[in-house]
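Here the protein sequences line up with chains F, S, Z and C, keeping their order.
Using this note's numbering, read the first sequence as starting at 1 and increasing by one per residue.
Using this note's numbering, read the second sequence as starting at 409 and increasing by one per residue.
Using this note's numbering, read the third sequence as starting at 817 and increasing by one per residue.
Using this note's numbering, read the fourth sequence as starting at 1225 and increasing by one per residue.
Quick reminder that beta carbons are idealized off the backbone N, C-alpha and C, glycines included.
This structure is a prediction, so every number in the text was calculated from the model and none was measured.
4 protein chains.
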Amino acid sequence: MKNKIINDPVHGFIQIPDGIIAELIAHPYFQRLRRIKQLGLTEFVYPGALHTRFHHAIGAMHLMHTALDTIAQKGTPITKQEKEAALIAILLHDIGHGPFSHALENSILENSMHEKLSLLLMQKLDDSFDGKLKLAIQIFENRYERKFFHQLVSSQLDTDRLDYLQRDCFFTGVSEGTIGGERIIKMLKVVDDQLLVEEKGVYSIEHFLNARRMMYWQVYLHKTTVSTEHMLIAIVKRARLLAQQGNTLFATPSFALFLEKSIRFQDFIKQETYLQAFLDLDDYDIWASIKVWQQHEDRILAMLCKMVLERKLFRTFIYKEKPQDTEIHKITENVKKHYQLTDKEIPFLLHQGIISNAAYQKSPQQQILIYKKNGDIVNIAQTSDLPTVHNLGIIVKKYFLSYPREVS
Amino acid sequence: MKNKIINDPVHGFIQIPDGIIAELIAHPYFQRLRRIKQLGLTEFVYPGALHTRFHHAIGAMHLMHTALDTIAQKGTPITKQEKEAALIAILLHDIGHGPFSHALENSILENSMHEKLSLLLMQKLDDSFDGKLKLAIQIFENRYERKFFHQLVSSQLDTDRLDYLQRDCFFTGVSEGTIGGERIIKMLKVVDDQLLVEEKGVYSIEHFLNARRMMYWQVYLHKTTVSTEHMLIAIVKRARLLAQQGNTLFATPSFALFLEKSIRFQDFIKQETYLQAFLDLDDYDIWASIKVWQQHEDRILAMLCKMVLERKLFRTFIYKEKPQDTEIHKITENVKKHYQLTDKEIPFLLHQGIISNAAYQKSPQQQILIYKKNGDIVNIAQTSDLPTVHNLGIIVKKYFLSYPREVS
Amino acid sequence: MKNKIINDPVHGFIQIPDGIIAELIAHPYFQRLRRIKQLGLTEFVYPGALHTRFHHAIGAMHLMHTALDTIAQKGTPITKQEKEAALIAILLHDIGHGPFSHALENSILENSMHEKLSLLLMQKLDDSFDGKLKLAIQIFENRYERKFFHQLVSSQLDTDRLDYLQRDCFFTGVSEGTIGGERIIKMLKVVDDQLLVEEKGVYSIEHFLNARRMMYWQVYLHKTTVSTEHMLIAIVKRARLLAQQGNTLFATPSFALFLEKSIRFQDFIKQETYLQAFLDLDDYDIWASIKVWQQHEDRILAMLCKMVLERKLFRTFIYKEKPQDTEIHKITENVKKHYQLTDKEIPFLLHQGIISNAAYQKSPQQQILIYKKNGDIVNIAQTSDLPTVHNLGIIVKKYFLSYPREVS
Amino acid sequence: MKNKIINDPVHGFIQIPDGIIAELIAHPYFQRLRRIKQLGLTEFVYPGALHTRFHHAIGAMHLMHTALDTIAQKGTPITKQEKEAALIAILLHDIGHGPFSHALENSILENSMHEKLSLLLMQKLDDSFDGKLKLAIQIFENRYERKFFHQLVSSQLDTDRLDYLQRDCFFTGVSEGTIGGERIIKMLKVVDDQLLVEEKGVYSIEHFLNARRMMYWQVYLHKTTVSTEHMLIAIVKRARLLAQQGNTLFATPSFALFLEKSIRFQDFIKQETYLQAFLDLDDYDIWASIKVWQQHEDRILAMLCKMVLERKLFRTFIYKEKPQDTEIHKITENVKKHYQLTDKEIPFLLHQGIISNAAYQKSPQQQILIYKKNGDIVNIAQTSDLPTVHNLGIIVKKYFLSYPREVS
């Protein structure tokens, strides 16, 4: 990281502060994020969506920088230490993500493991950097008394989602998701260490929440993405089953370890080699295996890999109500018959699940607060003239079912 | 490819015509381009530059569509067959590229092999599609009598570079490279089957040539990219040397084949399995190996791989004049001593070469022609008021030298 | 209009078709729109909002062009005559607007007079152009049997508002109003001569309606704009009162006519000179007078003019409920006392009124219809997953009150 | 100016510092710039080019703000007083412009009068603001010892042209003129109170100079703009001749004064009413008269006004060499005969002149200096690899001739 400026097509030039920030970015823990796509398999629907967690983390840090400058200019004092800590906290907030996080946490890792791992890795970095990450970790864990720092790292208006919404929108090309991140940041204000939005920014927030909801339906929960992700889960589960039955499977040593063993979070703490194996894992390991497994003698594994690689994706159905058991039964029989499957094999070729989306969480812990001109502070859902915000709180649930296109 | 519209952050919605175009895009030959980055290692300098040859080929097809519509509207008749053929020709113009083309053609493949392979693959597709690609191939090879179709596929104003300049600029974030592709296309005109630019478009062309030159210096020939590419070449050459000496090297079966054997273009024609191995190769094979080779017992291979993965890139020097032998000798000795290298090992850790850039080729075969209001047709370099275009024809050459940062 | 291409920062190059379209644009009726700002006094809040009705009309014509091409490509036949007529209808849809339409229709012209005048001027042009505008007028008046042409000129998805929303947003810089006009147009479809939106465009429409509602609150009904408009109404009413009392007032002859006489729509039909006077009127007449009237001996007129020119705008209050009579009474007394006004003078310095906004009209006549994949056609408000659209139909009303800042 | 944030479609949100900056913007001297278009008659070629000197001055101030922050961050101390003074200097740098400056300085005012007037008005403001503009005036006049402040106000890299190039490009829609203003500003550096550009910004500067040259040919010196401007000069000169012969001409009192008297710069200093008349003048006065003069009994005046209003512009010819006297004589006779003109009337209907353009001035006083990595400071024209910059210094001259389209 000799160059102190990074070119970001989303935010323009990003200045990298010298010292610990530049060193953390240069650290192998962080450089590996170059090899992990932010949106996993979304590229199958939006071919431009290839951006990485590396770029996102740096973008979020940039927004944190702008946010802190704005807040300070409006009269809230922020020390040099606090600023550095907040920048570190957002830079590392996703450091524990592995490749295809959601898919792997449904197949070879524990659920939500990336959150625990982020903290673990921050602690390890704190050790390497002579304890200089202590305040950053406090902010990350919401143990620091000035709450707005944590809110900028993790809340409904954090710089994480301000960056990813704008970035995902930029690279997918979905213009409905465009938000004015800069605009929102200029409207932030802190009173009593609480993050607020000035009243005149109320339409920008509403726009942001709407954009977020649309990105959920059009991108994050796009039925083809959901379906492809389940194909990947099925591939990894199948490979793992075969590996644990003693079959040979092409894989990098690190990926092989996860296929052969069942590793829990506790094991990472105890076994340094396990953690190292996890850190070696990225998108490349998974894809290299999938490419070789196309020729595997297990026809289910081979078929799934070939389908993904050639983009012969499953047919996917979305239902507003849970589909009837009889309907599912009928489809199950069709799939089973078409491929001559046993009952145990069926789940690899017939996927089901729930997807849901709530654009705004209005609970007291999570609400977005508006600072009115008269000094009052209110939940944005209570602000008048926003007939739509109230509705954004409704959780929309959908059911999906998917199986190979060949099945009639 | 069930969806007939592709979202492109560069050009907006791209409509995919039904029929053979949609089928070619769905073909495994074309889907593999999803796994090959357009700009190879440029992401080490511009982290957004992750776009693929897949997206570029579709973008270029979109521009071809617009160009043909414009030309037809100005009175040049274009048949349905010609249109389809031109779309196919540009869609497949790069189909023969492997991963990191330039690097592999300097290590395990022959020089410029991708050009021959593109033609070979088009012929194979012609066989699969009942001879429907004949006219496309004629256009591609410049054997069709209406020359402007080939000029739109390959010339100094082809839709290939109109797309890639705009796309590379978009994803890198280098705003100096921005061109108004649409603008230029609206200025195209055909007279006597020759591609011309209307006089009022002369500034747009000059701007385009300037942008192109800047992209060369700022992106394509950026010293860090050039240096990283030579590190990759060194890695593959080293791995190959080891493989041919009988060492075991982690690799997918396809990549292993290329490491172990010396395959020439003729072999692809004779041996179907060789061609299939090439088609199986993409960025993932290379990176998966590099990741594993970090632990290889050959210290040179391991060191190079680790450096690339952790972005500890070589220090690179650019010279306007070829550096003196005495200077090179001195540096060679330093590198040799620092790492205790034999003479045969030196080239893996000390790289040199030439980079050059000519923004405009003004030879009669390649010139850009301007259609003046009075009906005259002139080389753009002869147009008055463009003091700079003439100079764009000058070839600028530079020398580079790079070696590990650790060497004092 | 010798040049056939117009540069539009919003849509890029706009091609002007030769023949009657180019001639209509060159006609003095249309050229006068160069001198009438699209957003009147909005420039007092958004200094970039200086774009004219001329530019908007050409932009809307461009979108009509794109829309008709899209619809034709999807299989709905459109004749050359119909296409030309639709382009003319949208080009001239606002031809009857005078300067500051809303303000003048509240002071010296009848309400909604611009609509009748647009039709009258189209008929006059039809006479000059040998009856070539007949079909355009039929479409404009919704008398043509293929209803979708009129819907593209005037409906909740017409090319008029698709252009003005995008244009107003571009020039004001209010990014929340950004819509993907091109995106929506690509989703249009015609079944049984009815304009529909394909199901996959449902989020784009929702986004468009949201953007529209935000533009209302942030731009069209911005309290400062509303207040400045009422200052202008007061100026013109005051000037008129003075003129009709026999006072001398600086004005161009055309503006003077409107100050001195009460002209009704019928008079325009009977008296050619009245219509000519109207056509001579534009933003320049109004502003030239306001500038001179700063020095007028009537202190109310002079004061209002000076305030507008120096941007000492009234203080404005917005209420969700109609303010109490007692409150209004109290303010009235303050204003009266501060300026020593008579009861008849009060309305010039104390303004009140209602502003209201409904983003979506869901009545059967006006609804936006969605074409579902299974062939069903439904009102967008009935489409699931759009909790917000339903609410967009709610009419939000607000009350405002404004008076000079000097009044305590 | 109650709102402290101004929405700028070019730069986004612009923060207006409280205090003297906000007060100067609210001052009538500055508010009048709202009524003066930055690009005068360019709207006849680029209909979007309606932006005002008001918006440009605020944009330039914003860039000054960013530039000073960047320079300070790189280690050059800047006091609060210096910062405020620099902001004031750029905000007021064009305060002395009247409407259509170039045209009026060729007809009713002295040449380059706006420069003297800017200084005069700044001095008057200094009086009103208790001498708070002293340092700003020193910077403006280049009397302050830290030269880089003046260089940021007026030099080949000043924030004036960084703003206007970007703004003119935005509103005209000429994409070839796009510059990365932010990019250049981030590359600025000050050494020994001298403004420099860091070496890595060399391509951005070259791009900027190229963009500037293109804007000259495509916008500022567009032949239709030049020709329309000469029509306006002819109108004002003709009106003045008539006025001074005792004819009645419709005009605002201020404009009438300038038509009737010959006012020199010295008169503005002596006569307060003359200065006030100048300050009352803006685009509206000129256009209101032109509109009324269409009906004037002097057929030359009436004809010229009608032509401009209906956009029946002169035919214009551009020559690389000064046209031969015989040719000019022939055209003169044609025009004379066509309109039955006397020799004295000819100059109103036949215009000639020179336009010239040098994109880069490389003299020691004006050069752009590059700060090399090794600490050397060189003229950008000496930097290698920029074959084009050297040529940008060439002055290109052209001759034009224009007369009514009706003349055969």
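When the Cα of Z:R1028 is compared with those of Z:R1054, Z:E1222, Z:L1004 and Z:L978, which residue comes out closest? Ranking the options by Cα distance to Z:R1028, first place goes to Z:L978.
Could you pull the start and end residues of the alpha helix (DSSP H) that Z:S1070 belongs to? In the DSSP assignment, Z:S1070 falls within the unbroken alpha helix (DSSP H) covering P1069 to E1076.
Would S:F578 count as contacting chain Z if we go by Cβ distances under 8 Å? No - not a single Cβ of chain Z is within 8 Å of the one on S:F578.
Span separating the alpha-carbon of F:L301 from that of F:I235: Our two residues, F:L301 and F:I235, have alpha carbons roughly 6 Å apart in a direct line.
For C:N1615, the three-state DSSP class (helix, strand or coil): Note: C:N1615 maps to helix in three-state DSSP.
Considering Cα atoms alone, identify which of S:Y682, S:T636, S:H505 and S:N618 is closest to S:F808. Closest option to S:F808, Cα to Cα, is S:T636.
Buried or exposed for C:A1273, please, with buried defined as at least 16 other CB atoms from any protein chain shown within 10 angstroms of its CB. With at least 16 other beta carbons inside 10 angstroms of its own, C:A1273 counts as buried.
Nearest-angstrom Cα distance between Z:Y960 and Z:Y1187? For Z:Y960 and Z:Y1187, the distance between alpha carbons rounds to 23 Å.
Taking only three categories from DSSP, how would you classify C:T1540? Strand, per DSSP.
Do you know offhand how far C:D1507's Cα is from F:L196's? Separation of C:D1507 and F:L196 (C-alpha to C-alpha, rounded to the nearest whole angstrom) is 44 Å.
Against chain F, with Cβ distances strictly below 8 Å, would Z:Q1177 count as a contact? Z:Q1177 does not count as touching chain F.
Are the CB atoms of Z:H872 and Z:L983 within a distance shorter than 8 Å? A quick correction: the sequence has Arg, not Leu, at residue 983 of chain Z. The beta carbons of Z:R983 and Z:H872 sit closer together than 8 Å.
Start and end of the alpha helix (DSSP H) containing C:G1283? It spans R1277 to Q1297 - the alpha helix (DSSP H) in which C:G1283 sits, taken as one unbroken run.
Which residue spans inside the stretch 1525 to 1574 of chain C form an unbroken beta strand (DSSP E) run of at least 3? DSSP runs (the beta strand (DSSP E)) wholly in the stretch 1525 to 1574 of chain C: 1539 to 1543.
Going by C-alpha to C-alpha distance, which of S:I429, S:H505, S:K714 and S:E513 sits closest to S:I466? The shortest C-alpha separation from S:I466 is found at S:I429.
Taking only beta-carbon atoms, is C:S1580 less than 8 Å away from chain S? So, not an interface residue.
Return the residue from the list S:A659, S:L596 and S:Q790 that minimises the CA-CA distance to S:G483. Per the Cα distances, S:L596.
Closest to C:S1478 by C-alpha separation, out of C:I1409, C:V1620, C:D1293 and C:G1322, would be which residue? Closest option to C:S1478, Cα to Cα, is C:G1322.
Considering only C-alpha positions, which residue in the set Z:R1127, Z:K1160, Z:K1122 and Z:Q1168 is nearest to Z:K1138? When only C-alpha atoms are compared, the closest one is Z:Q1168.
Helix, strand or coil, according to DSSP, for C:N1227 in the structure here? Note that C:N1227 scores a pLDDT of 44, beneath 50, so its modelled location is shaky; the value from the coordinates is reported in the next line. Three-state DSSP puts C:N1227 in coil, outside helix and strand.
Kindly list the residues whose CB is nearer than 8 Å to the CB of Z:N927, restricted to its own chain and excluding five residues on each side of it in sequence; keep chain order. E921, listed in sequence order.
Could you work out which residues of chain S lie near C:E1569, taking near to mean beta carbons separated by less than 9 Å? None at all; the shortest Cβ gap to chain S is about 32 Å.
Which residues of the stretch 579 to 600 of chain S have a Cβ closer than 7 Å to any Cβ of chain C? Give them in chain order. Listed by position along the chain: S583, E584, T586, G588 and R591.
Tell me, which residues are paired with F:N357 by DSSP? Beta-bridge pairing links F:N357 to F:V396.
Compare the C-beta of Z:M938 with all C-beta atoms of chain F and state if any pair is closer than 8 Å. At least 8 Å separates the CB of Z:M938 from every CB of chain F.
Quick one: which chain C residues come within Cβ less than 8 Å of F:F13? Under a criterion of Cβ atoms nearer than 8 Å, the residues of chain C adjacent to F:F13 are, in order, E1406, R1407 and K1410.
With C:G1236 as the anchor, note down where its alpha helix (DSSP H) starts and where it stops. Segment G1236 to Q1239 is the beta strand (DSSP E) holding C:G1236; no alpha helix (DSSP H) there.
Per DSSP, C:K1261 forms a beta bridge with which residues? Per DSSP, C:T1276.
Who are C:I1594's beta bridge partners in DSSP? DSSP lists C:V1421 and C:V1602 as partners of C:I1594.
F:L188, DSSP secondary structure in three states: It is a strand residue.
Alpha carbon to alpha carbon, what distance is there between C:S1399 and C:N1598? CA-CA distance, C:N1598 to C:S1399, rounds to 36 Å.
What would DSSP say about S:S810, mapped onto helix, strand or coil? S:S810: strand per DSSP, three-state reduction.
What are the residues that DSSP puts in a beta bridge with S:Q760? Bridge pairing for S:Q760: S:L809 [DSSP].
Rounded to whole angstroms, what is the Cα-Cα separation between S:Q602 and S:F556? Rounded to whole angstroms, the gap between the alpha carbons of S:Q602 and S:F556 is 5 Å.
Compute the beta-carbon to beta-carbon distance between F:I139 and F:A85, rounded to the nearest angstrom, for a pair I have assumed lies under 8 Å. The pair is a contact, with the Cβ atoms about 6 Å apart (cut-off 8 Å).
Using three-state DSSP, classify C:D1194 as helix, strand or coil. Chain C is shown only over 1225 to 1632; residue 1194 of chain C falls outside these bounds and no answer can be derived.
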